Amino acid sequence: MDEQHDGQDGQPDGPGPVAAAEPGVTTGALARRLGVSPTTLRTWDRRYGLGPAERAEGHHRRWSAQDVAVVEEMCRLAATGLPPAEAAHLARKRRETDRPVAVPRPRRAPGRPSEATLERQRRGLARAATRLDAPAVRDLLAEAVARYGLVGAWQDVMVPVLHAIGRKWEEAGDRYVEVEHLLSCHVSRALHRGPVASVTAAVPPLVLACVPAEEHSLPLEALSAALDELGLPQRMFGAAVPVEAVAAAVRRTGPRVVVLWAQARSTASLPLARHLAEARWGVRGARGGPTILLGGPGWAGHTVRGALRPTTLPEALTRIERIYPEVTAGPAPA
1 MDEQHDGQDG
11 QPDGPGPVAA
21 AEPGVTTGAL
31 ARRLGVSPTT
41 LRTWDRRYGL
51 GPAERAEGHH
61 RRWSAQDVAV
71 VEEMCRLAAT
81 GLPPAEAAHL
91 ARKRRETDRP
101 VAVPRPRRAP
111 GRPSEATLER
121 QRRGLARAAT
131 RLDAPAVRDL
141 LAEAVARYGL
151 VGAWQDVMVP
161 VLHAIGRKWE
171 EAGDRYVEVE
181 HLLSCHVSRA
191 LHRGPVASVT
201 AAVPPLVLAC
211 VPAEEHSLPL
221 EALSAALDEL
231 GLPQRMFGAA
241 VPVEAVAAAV
251 RRTGPRVVVL
261 WAQARSTASL
271 PLARHLAEAR
281 WGVRGARGGP
291 TILLGGPGWA
301 GHTVRGALRP
311 TTLPEALTRI
321 ERIYPEVTAG
331 PAPA
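Following the UniProt record's numbering, the numbering of the sequence shown begins with 1 at its first residue and continues without gaps.
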């Protein structure tokens with residue numbers, strides 16, 4: 001997936017908040033603002049008629065504020081999954097009406113969407129994030145959650161885009177750090193806007209925590225939001241929780257499940273996981289302890305007796321539901 005440049009079909013990389021340009025903005029300057037190449041702008045002009053409205057013979061092309069607005073509109077529309085030609089056609093209407101055009105709402109397909117549909121949404125989200133277009137990122141995330149549910153949106157849209165942006169960050173050094181931060185912030189907000197079911201009564205909570213020195217907490221936030229939908233009580237402690245704090249939280253709450261997240265092998269703490277796996281509480285003869293769920297690629301190759309190693313959010317939820325039969329059990333027979 002390429003979030004930075006347009007493909008062979010000339011589809012733009014996504015919407016971006018570009019300030020109204022002063023008269024006479026060059027193609028190179030506009031390309032830098034939008035994050036595309038000058039060749040891409042020339043292609044849009046040739047194919048879709050989105051070039052400068054006024055041109056002077058013998059001079060470089062100049063883009064007025066209205067010209068910039070039309071190109072922005074095409075980017076915004078294309079990020080929703082519209083074909084480039086249709087996005088350009090609607091964007092040109094802005095030049096006539098001088099106001100944004102309503103985006104046609106795609107029909108909701110039954111069942112799991114096709115991979116092509118998901119790929120269009122991923123590309124649109126990645127492009128919007130690359131342009132730092134916060135409103136578009138927010139709307140695209142909300143649409144994904146509404147269409148596929150929280151777990152489906154996380155698994156099929158958010159995670160692939162986060163990974164793609166992360167790879168670009170690694171490949172480009174310090175570039176794209178701001179893109180990843182903006183996207184992560186809005187993913188976190190989208191996760192916490194989901195429905196919250198009534199908490200199942202008299203059920204021991206789960207404890208969710210990142211291991212010490214682990215700052216990547218978004219996967220835990222996704223699990224926390226999914227548990228909210230199930231109505232399971234939890235104690236979410238987030239990123240980089242000190243060993244003593246995790247141990248104290250487990251001791252004080254007596255959880256049935258403890259989830260420890262480690263993104264990198266350098267942060268995975270085997271002593272902490274083994275210590276918690278051996279924790280016991282309760283009266284003599286009825287002592288119990290937690291089931292440990294080791295989440296994240298950091299635990300690869302590590303073994304903790306009795307611990308579970310789910311690799312996806314749906315798998316983690318399935319494991320937890322088995323430990324909490326109260327979640328899926330129907331009402332008691334009369």
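The beta carbon of each residue, even a glycine, is placed where N, CA and C say it ideally should be. Computed from a predicted model, the values in this text were never measured in an experiment.
Within the UniProt domain "B12-binding" (203 to 334), note down every full beta strand (DSSP E) run reaching 3 residues or more, in order along the chain. 206 to 210, 234 to 238, 257 to 261 and 291 to 295
* Contact between the segment 308 to 323 and the segment 270 to 280: three or more CB pairs below 8 angstroms? -> no
For this session: Could you check what DSSP says for arginine 138 in three-state terms: helix, strand or coil?
Result: helix
To the nearest angstrom, how far is the alpha carbon of alanine 226 from that of serine 217? 14 angstroms
Name the DSSP beta bridge partners of valine 25, please? Trp63
Tell me the rounded alpha-carbon separation between leucine 220 and glutamine 234.
11 angstroms
ask   = Where does proline 160 fall in DSSP's three states?
value = helix
*Is it true that the CB of histidine 186 sits closer than 8 angstroms to the CB of leucine 150?*
no
task: With leucine 45 as the anchor, note down where its alpha helix (DSSP H) starts and where it stops.
output: The question names leucine, but residue 45 is aspartate in the sequence shown. Counting along the chain, the alpha helix (DSSP H) containing aspartate 45 begins and ends at 38 to 48.
| Got a sec, what are the start and stop residues for the alpha helix (DSSP H) leucine 191 sits in? | 177 to 192
Residue span of the alpha helix (DSSP H) that contains leucine 132, given as start and end:
That residue, leucine 132, is in no alpha helix (DSSP H); it is neither H nor E in DSSP.
- Message: Tell me the DSSP secondary structure of glycine 51 in three-state form.
- Response: coil
Fill in: Neighbourhood of alanine 197 by C-beta, 8 angstroms cutoff - its chain only, sequence neighbours within 5 removed
Asp228, Glu229, Leu230 and Gly231
Margin query: Please return the same chain residues whose Cβ sits closer than 6 angstroms to the Cβ of valine 259, not counting the five positions on each side in sequence.
Written below: Leu208, Leu293 and Gly295
query: Quick one: what does DSSP say alanine 87 is sitting in, helix, strand or coil?
result: helix
* To do: Determine the direct distance from the alpha carbon of proline 83 to that of threonine 40, and round the result to whole angstroms.
  => 16 angstroms
Identify, in the order they occur along the chain, each residue of the same chain with its Cβ nearer than 7 angstroms to the Cβ of glutamate 180, setting aside the five sequence neighbours on each side. Ile165, Gly166 and Trp169
- prompt: Is the beta carbon of tryptophan 299 less than 8 angstroms from the beta carbon of glycine 288?
  reply: no
| Closest Cα partner of arginine 47 within the set Gln155, Ala29, Ser269 and Met74 | Met74
Find out if the Cβ-Cβ distance for the pair alanine 129, leucine 183 is shorter than 8 angstroms.
-> yes
Drop a sphere of 10 angstroms on the beta-carbon of tyrosine 324, count the other beta-carbons inside from all chains shown, and report buried for 16 or more, exposed for fewer. buried
#### Entry: Proximity of aspartate 156 and leucine 118 at Cβ, strictly below 8 angstroms
yes
### Query
Distance, Cα to Cα, glycine 28 vs leucine 77?
23 angstroms
Within 8 angstroms, strictly: CB atoms of cysteine 210 and alanine 240: yes
Taking the alpha carbon of leucine 206 as the point to measure from, which residue in Leu270, Arg193, Thr253 and Arg189 has its own alpha carbon closest?
Thr253
Nearest candidate by alpha-carbon position, reference glutamine 66, set Leu223, Val25, Arg32 and Pro38: Val25
Report the CB separation of proline 297 from glutamine 263 in whole angstroms; it is logged as a contact under 8 angstroms.
7 angstroms
### Selection from Ala247, Glu278, Val250 and Thr303 that minimises the alpha carbon distance to leucine 270
Thr303
Contact defined as beta carbons within less than 8 angstroms: I believe proline 52 pairs with arginine 61. What is the distance between those atoms, to the nearest angstrom?
5 angstroms
Margin query: Out of Glu278, Arg127, Arg92 and Pro314, which one is the CA nearest neighbour of glycine 49?
Written below: Arg92
>> Let me confirm a value: glutamate 278 is counted as buried when at least 16 other C-beta atoms fall within 10 Å, else exposed. Which label applies?
In response: exposed
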